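*Asks:* According to numbering that gives the first Met the number 0, the sequence shown is numbered sequentially starting from 0.
Glycine included, every Cβ here is placed at the ideal spot set by N, Cα and C.
Computed from a predicted structure; not experimentally measured.
Can you keep this structure in mind? I'll have questions shortly.
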Amino acid sequence: MQKFALPALLAGLILLTACGSDKKNTEDTPSMEPAAKSEQGAAPEASEESISQPQASTNPREQAPAGRLPDDVRPSAYRLDLTLDPRQDTFHGQVEIDIDLDNPTDHIWIHGNNIDVADIGAIVHAEEDIALPNAESRKVVPAQYQQVLDSGVVRVDFSREVPAGKITLRIQYSAPFDKNLAGLFKVEEKGDAYALAKSESIQARRFLPGFDEPGLKATYDISLTIPEGYVAISNEPETGRSDAGDGMQKITFAQSPPMPTYLLSLAVGPFDVVERPAIPANQYRKEPLPLRGFARKGRGKDLQYVLDITPQMLRVFEEQIRRPYPFRKLDIIAAPQWPSGATELSAAITYREQRILVEGDEPAPGQRLALLGIHAHEIAHMWFGNLVTPPWWDDLWLKEGFATWGTPLALTIMEPDGGHDLNAAARAISAMQLDSLASTRAIREPITDNNNIRNAYDAITYLKSLGVIHMVDEYFGADTFRPALGRYVEKFADGVADSPDFYRVIGDETGSPQLTETFRTFVEQKGVPLLSLTVDCNTEGNAQVHITQERYKPLGSPIADTGVQWSIPFCMRGSTGVAQCEFLTESKQTLALSGGVCPKWVMPNANGSGYYRFNMDEPQWQALLAAFDALNTTERLALVDSAFAAFEAGQLQPAALLETVRLSATSDVRQVVEAPLVYLSKYSDHYVDRENAGNWHAFLMKLYGKKVQELAGNDDPESKLLHSRLLGFLALEANDKQARAQLRESAEQFTGFGVPRDSKALDSDLYESALTVAVQDSGKDFLDHLISVRKELDDPLFENASANAIGRVTDPSQLDTIHALALSDELGPRESFGLILNSMASSELQTRNWQWLQENFPAVVEKIPGQWRRNTPRFSASFCDPQSLQEVQLLFADNKQLIPGFQRALAQTEERISLCIAQKEKGTELIGALK
C-alpha cells in the first residue's frame, strides 16, 4: 500500500495527455435525507408524479415505458423559442427537435409533463435530399400528442407511418409556471418575479417536450422573448437581442454542444448582474473565460465572496484534471428559491441563494465551509457528469460520487490546513448509518420507473461512493488508480459511460482485477461490511489475527444472514507500529502478524480509510481505547463509529461506549469531538425519561461544558465552529441554563426583541439554535415578533433557520399560529418543509403536530417542494413506539396517490422506528449506567 499526502491531490487525479475538449457540466447537491432537527442541504430534487398504468400490450413498442425510452429513437438537436414573462402565470413557444429513427414507425414515445400542445407535426427528410432546402425534400406529417403517464411519458402518433431516417418534430405549446420549485417555476421576492428552470432529474419535461434522459445528448439553439429590462440566462453566451414589441425583447444564445436535458438552464428576471474580469487562459485552456454572477435585485453585492474564490478553484481543477473547463463561459446564479442546494446546469451553475450569498467580507466558519464544499462540488461536475455523462440514473454515482470525492482533494490544495480531508472522512462514515438499514439501496441498482429516480439522490450515492473511492485510492495508491481514472475520462469525454465501461477501463489500465472487484462488490451490493477480529497469541512466535466478514446489522434488524461477501482492501496496525494489509475475499481469513509479535492493541482500520466497521472482544476494545492517543484523527473517527455500531448491535457494553464518548470529547480536533453528537441526540430523544434526565444532562455538561468555555473567544475558524455547535448542543440536548440564556439573549438582540436591534449579536452558525431557544424561552410575544422580523430582514440564511426554529415551539397555545404559517404564502416551499419536519421532532408537542399533519396531509403535500413529496414519510422518523408506527403505515397507505416514489422513504422510516423500539432496552441500559 502506498500513501500520498492529500496536497498531492489529484496530482495525477486525471492524468490526461491530451488537452482541449468542449462539453458540459452537471449536478444537484445531495438534498440527502432530511435530518430530524436541522435542514439538510444536500442534499441534498425533482418532482415525481404518480404513474397512470398503461394498457397492457404484447408489443413492447406499444406499451408506455415507465423508465427508459426505446433506444431506436434519438434526438440530435433542439431549436427552442419561448416567451417567458415571470409576471404572468404561463409561458408559451415552439420547439423543433431533429430526430434519428432506426426503424419505420407510426408513433414514438417522448416526454412532456402538464404541457398544453396547440400544434404538432413531423417534417420527414428524404435521405437522398437531406441537404436540399426545397419543399420536395420536406414532407409534413400531422401528429397527435397524448400524455399517457403522470410521470411525463407522451405518445406521439403520426397520421401515417414515417420511414427510418431523419425527421424534425415541431411542437407549439404552452404550460403554467410551476409554483413549487419544479421544472420551470416562478417565485416572487420583494415584489419582483423571477422564472427559473430546475431540470435535474426529470423536470425538463415540464417545460420542454423532448427526450428527458441523461444519455440522450443533443445540441440546443435557444431564443427567449422576455420583458424589456429583464435579464435572461442560459447555457451559452448571448449572441443577439432585438425588439419584440409590447415591451418585450428577444434574446438569442449560441448553439450549445451536445448535452442532456437535465443540464438545461433557463432563468429570467430583474437580476443584478456582476461582471468579473475573465479568468485568464492557462496551459490547458487557451482562451480567457468570462465570469459573471447573478442575484436577485439588490443582492448582487453579496456575490463577492463566491466570485472571488472561483478563479483559483477553477484553476486547481483544470491543473489537476489536466483538461480545460469545457464551456465558453461560467455563470454563478443565486436563485431566490431553489429546491436543492445547487445544480450544475451547464455553464450556469445555480444555487439556492443562502448557500452562496455572503453579507460582509467574510462568512461565518460553518457557512464558509458549506460554501466552499458546494461550490467545489459543482465545478467538479463540469468534468464528472457533464464531460462524461451516465447514460441512465442507475449510474448516478459516476458523476455524484466522483464530484464528492474530488471536492476535498481540490480544497486541500487550496487550503492545506483547512481540514477538508477530515470533513470528507466524517461524511463518508456518516453514510454507514443509512447503509445499515435493510431497506437501504446499493450505490448502483436498476431504476426501471421514473418515479424512483430521485430516490438515488441520497447519502449512498454521494457519501458511500466517496468512502469507497477514497478506500480504493488509498489502498492501491494514487499512482495506480488516478492515471487509470484519467484514461476513463479521456476515453469517454463528450460522451456517455456506465459502470461496466468504468470497470473495464480501470481494469485494463491498472491490470488489477482486485481493484475492479472492490468497486464491483461495494458499488453493486448494499450494506456495510463488518469485520470481526480475534487476536490469537497462544502460539509463541506465530501471532495471528482471525478475521470474519459479514454484513453489519443492528439489534432488531430484518437483515437476513445471506453470506454476502465483499472484496475488501483491509489494513490494520497495532502497538508495534507496522501496518499490515491483506485483500479479504473470503468469509473467514487469517492474517499472520508481522514478526510473530503479539501486539498490545490492534487498530483494524489503519488510517481510517476502509469503508467497513469492525468489532473485537471486550479486552481488545479496552486495549484500543487505552491507546486512543496513539491513533491518528481518521482512525479515531473510525473507532467512534464502530463503537456506536457495536453497541447498537448488542456487542459492546455501555461502559466501553461511554469511555469512547469521553475520549472523543477530549480531542483537540473538531471532527472527532463532534463524531458522537448525532447518536447522543438520538438517545436524548428516545431513551432519556424524566427520572434519568438529570443524570443525562449532567453527563453531557461534563463532556462538553468545559470545552465550550475554553473555546469561547477563540478566533480560529475551527474553534469558532466547534464552539457554535457545542453551545447549541448543550442548550438543546443538555438543557443547560447558561447556554440557553446566552443564546436567548443573543437572539433577542439580533431580532430587536425589546431592545434596539444589533445585527452583530448573532452569526449565521448560531441562527437556528439561538432562535429555537428564544422561541421556547422568550415568551409568547417572541413568536409573533420573529414572524414579523422575517418579513423585514432580507437574509436567506435567517429565513431558513427561523422557519426551522418556529417549528420547535413548546407552547401548545402557539400551535395554531405555526400550523397556519406552514401552509401560508409567507413561507416558501422549502421553509414550510423545514418547519413541519422540526415540529415533528418536538417531543413535547409531537402528538398534536402529528394529528394536525394527518388531518391536513393533502394541503401539506401541495405546499412543499414537488421533488420532496416522496420524502414526507420522514416527517415521522422521530417516532419510537408501535402505535405510532401503525399510524404512519395507515397514513401513507391512504395517501399514496399524492406522493409517488414514497415507498423507499416509508420503508426506511418504518425500519428506523422499529429499530428504535428494538434498541430501547439497550438505550435505557446506557442511560442507567450513568447513575
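(1) Taking three-plus beta-carbon pairs below 8 Å as touching, is the region 556-565 in contact with the region 495-514?
(2) Taking the Cβ atom as the reference point for each residue, do L223 and V267 lie within a distance shorter than 9 Å?
(3) For A578, which option in T167, N606 and Q254 has the closest C-alpha, if you only look at C-alpha atoms?
(4) Buried or exposed, going by whether 16 or more other CB atoms sit within 10 Å of the CB of C580?
(5) Is it true that the CB of N803 sits closer than 9 Å to the CB of L834?
(6) Got a sec? Which residues, its chain only, sit under 7 Å from E523 by beta carbon, not counting five neighbours each side?
(7) Quick one: Cα of D271 to Cα of A294, how far?
(8) So G372 and T406 are supposed to be a Cβ contact under 8 Å. How far apart are they, rounded?
(9) What residues in its chain sit with their C-beta under 6 Å from that of T589, if we drop five residues either side in the sequence?
(10) Start and end of the beta strand (DSSP E) containing Y172?
(11) Does K895 pass the burial test, meaning 16 or more other C-beta atoms within 10 Å, or should it be called exposed?
(12) Distance check for T238 and D220, CA to CA, integer angstroms please.
(13) Is P335 close to the ligand PLP? I mean its beta-carbon at under 8 Å from any heavy atom of the ligand.
(14) Can you name the start and end residues of the beta strand (DSSP E) that S233 belongs to?
(15) Do S429 and A217 come within 9 Å of each other at the CB atom, strictly closer than that value?
(16) Any idea if E936 is buried or exposed, counting beta-carbon neighbours within 10 angstroms, 16 or more meaning buried?
(17) Let's see if you can read the secondary structure: which residues bound the beta strand (DSSP E) around V860?
(18) Measuring straight from C-alpha to C-alpha, what distance separates Y703 and H696?
(19) Using the Cα positions of S200 and A711, report the straight-line distance between them to the nearest angstrom.
(20) Can you give me the C-alpha to C-alpha distance between V471 and D478, rounded to a whole angstrom?
(21) Rounding to the nearest angstrom, what Cα-Cα distance links D684 and S842 in this structure?
(22) Classify N799 as helix, strand or coil using the three-state DSSP reduction.
(23) Would you report the Cα separation of S566 and P512, rounded to the nearest angstrom?
(24) Taking all protein chains shown into account, decide if S345 is buried (16 or more other Cβ within 10 angstroms of its Cβ) or exposed.
(25) Distance, Cα to Cα, D668 vs T632?
(26) Residue range of the beta strand (DSSP E) that V272 falls in?
(27) Go through its chain and collect everything with a Cβ distance to Y682's Cβ below 6 Å, but skip five positions before and after it.
(28) Does the structure place the region 105-118 close enough to the region 143-160 that three or more beta carbon pairs sit under 8 Å?
(29) Excluding the 5 residues flanking E135 on each side, which residues of the same chain have their C-beta closer than 6 Å to its C-beta?
(30) Apart from the five residues just before and just after K587, which ones in its own chain have a Cβ nearer than 6 Å to its Cβ?
(31) Determine the extent of the beta strand (DSSP E) in which M938 is found, giving its start and end residues.
(32) In angstroms with no decimal places, state the Cα-to-Cα distance between S641 and Y610.
(33) Could you check whether the region 392-399 touches the region 348-368, counting it as contact only if at least three pairs of C-beta atoms, one from each stretch, sit closer than 8 Å?
(34) Run through the DSSP bridge pairs and tell me what S222 is partnered with.
(35) Are the region 380-387 and the region 282-298 touching, with three or more C-beta to C-beta distances below 8 Å?
(36) From K930 to K701, what distance separates their C-alpha atoms?
*Replies:* So, from the listed chains and residues:
(1) no
(2) yes
(3) N606
(4) exposed
(5) yes
(6) A441 and R443
(7) 5 Å
(8) 6 Å
(9) Q543 and H545
(10) G164 to P175
(11) exposed
(12) 11 Å
(13) You won't find the ligand PLP in this model; it holds no ligand whatsoever.
(14) V230 to S233
(15) no
(16) Past the boundaries of the shown model lies residue 936; the chain is included only from 0 to 930, so the question cannot be answered.
(17) No beta strand (DSSP E) holds V860; the alpha helix (DSSP H) holding it covers F856 to K862.
(18) 11 Å
(19) 44 Å
(20) 12 Å
(21) 7 Å
(22) helix
(23) 10 Å
(24) buried
(25) Note that residue 668 is Val in the sequence shown, not Asp. Whole-angstrom Cα-Cα distance: 8 Å.
(26) D271 to I278
(27) G922
(28) yes
(29) Caution applies to E135, whose pLDDT of 46 falls short of 50 and renders its modelled position unreliable; the value that the coordinates give is listed next. Here the set comprises nothing.
(30) T547
(31) Because the chain here runs from 0 to 930, residue 938 falls outside it and cannot be looked at.
(32) 11 Å
(33) no
(34) D80 and T251
(35) no
(36) 14 Å
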